[in-house]
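When we follow this note's numbering, the leftmost residue of the sequence shown carries the number 646, and every step to the right adds one. Just below is one structure, and these are the notes that go with it.
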Amino acid sequence: MNQRREVQAISAGLQQLLQWDLEDQAPGYFRRPQTPAGPQSELLPSQQERPDLDALRQELGDCQRCKLCNQGRSNIVFGQGNPNARLLFAGEGPGYHEDQQGLPFVGKAGALLERMIAAMGLQRNDVYICNVVKCRPPKNRDPEADEVLACRPFLRAQVRSVQPEVIVTLGRFATQALLETTAPIGRLRGQFRDYLDIPLMPTFHPAYLLRNPNEKRSAWEDLKQ
Ligand code: URA
Numbered sequence: 646m647n648q649r650r651e652v653q654a655i656s657a658g659l660q661q662l663l664q665w666d667l668e669d670q671a672p673g674y675f676r677r678p679q680t681p682a683g684p685q686s687e688l689l690p691s692q693q694e695r696p697d698l699d700a701l702r703q704e705l706g707d708c709q710r711c712k713l714c715n716q717g718r719s720n721i722v723f724g725q726g727n728p729n730a731r732l733l734f735a736g737e738g739p740g741y742h743e744d745q746q747g748l749p750f751v752g753k754a755g756a757l758l759e760r761m762i763a764a765m766g767l768q769r770n771d772v773y774i775c776n777v778v779k780c781r782p783p784k785n786r787d788p789e790a791d792e793v794l795a796c797r798p799f800l801r802a803q804v805r806s807v808q809p810e811v812i813v814t815l816g817r818f819a820t821q822a823l824l825e826t827t828a829p830i831g832r833l834r835g836q837f838r839d840y841l842d843i844p845l846m847p848t849f850h851p852a853y854l855l856r857n858p859n860e861k862r863s864a865w866e867d868l869k870q
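Dropping the structure here:
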């Protein structure tokens, strides 16, 4: 190859790489990603069509992919539950108790979530529970965009792994993050949407319901669907 052709080839490769990166960062990023070409065995668990949850957790490792790793995190809260659950709950991010125990929804909000699950005739072990971000944001602030982006491949891969029949997003933040919208939860809740081709039902966060018990009836209407 002469020098000019070589430069052209390098530039084409770079453009492809950039395009990949831009597509990955652009709005629309919650859509099902294209699986890169190549045998499945060469792909990281997070890139596989139906990854194994344990392998995915191993890939996450002692994650340093965003600043939440050194802002008081005690434990990564990956997710918990039935790896073949028909129902997947997605919250926002771990709080104090979750961070301490390394498990999602184990505080007061978790107790209410368990009652909601029981009201559906299910047990906590029947469903899969995870969060948009896997590490506790300091002072329970909303996760920031870079933190959501860093965790995004893992959330997507969890959903692809479990392949639930329905996803329930708990609260404004999780709903807006998965659906990529800024619409208020009051407008989004109660209507089926779509996430990675799976029906998604937004409802109120159990912590909100603890503060506003008169909204429990609406949340129950959402879950009955
Ligand atoms: N709130 C969340 O959004 N997730 C948890 O795991 C706990 C509380």
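Using N, Cα and C, we set each Cβ at its ideal position, and we do this for glycine too. If you're wondering where the values come from, they're calculated on a predicted model, not measured in any experiment.
From R856, N729, R702 and R695, residue whose alpha carbon lies closest to that of E810: Along the sequence shown, one-based indexing puts residue 810 at 165. Among R856, N729, R702 and R695, the Cα nearest to that of E810 belongs to N729.
Residues near H850 by beta carbon distance below 6 Å, same chain, minus five either side: Against the sequence shown, residue 850 aligns to sequence position 205. Its chain contains L815 and G816 as the residues whose beta carbon lies nearer than 6 Å to that of H850, once the 5 sequence neighbours on both sides are disregarded; these appear in chain order.
Backbone CA spacing between C714 and C708 [nearest angstrom]: Here residue 714 corresponds to residue number 69 of the sequence shown, with the count starting at 1. Here residue 708 corresponds to residue number 63 of the sequence shown, with the count starting at 1. Between C714 and C708, the C-alpha separation is close to 7 Å.
N785 versus A735, F750 and P739, residue with shortest Cα-Cα distance: Position 140 of the sequence shown, counted from the start, is the residue given in the question as residue 785. Closest by C-alpha distance to N785, out of A735, F750 and P739, is P739.
Candidates G747, R797, D842 and L757, of which the one nearest A819 by Cα: Numbered from its first residue, the sequence shown carries residue 819 at position 174. The residue with the shortest Cα to Cα distance from A819 is R797.
Same chain only: Cβ atoms within 8 Å of F837, ignoring 5 sequence neighbours per side: Stepping through the sequence shown from its first residue, residue 837 is reached at position 192. If we look at F837 and ignore the five residues flanking it on each side, its Cβ neighbours are P844, L845, M846 and Q870.
Backbone CA spacing between R769 and G755 [nearest angstrom]: One-based indexing of the sequence shown puts residue 769 at position 124. One-based indexing of the sequence shown puts residue 755 at position 110. Cα-Cα distance, rounded: 10 Å.
Uninterrupted beta strand (DSSP E) stretches inside the segment 694–751 (no shorter than 3 residues): Segments of the beta strand (DSSP E) lying fully in the segment 694–751: 732–736.
Near ligand 1: L815 beta-carbon under 7 Å from a heavy atom: For the purposes of this step, residue 815 is taken as the residue at position 170 of the sequence shown. Yes; taking the cut-off as 7 Å, the Cβ of L815 has a heavy atom of ligand 1 nearer than that.
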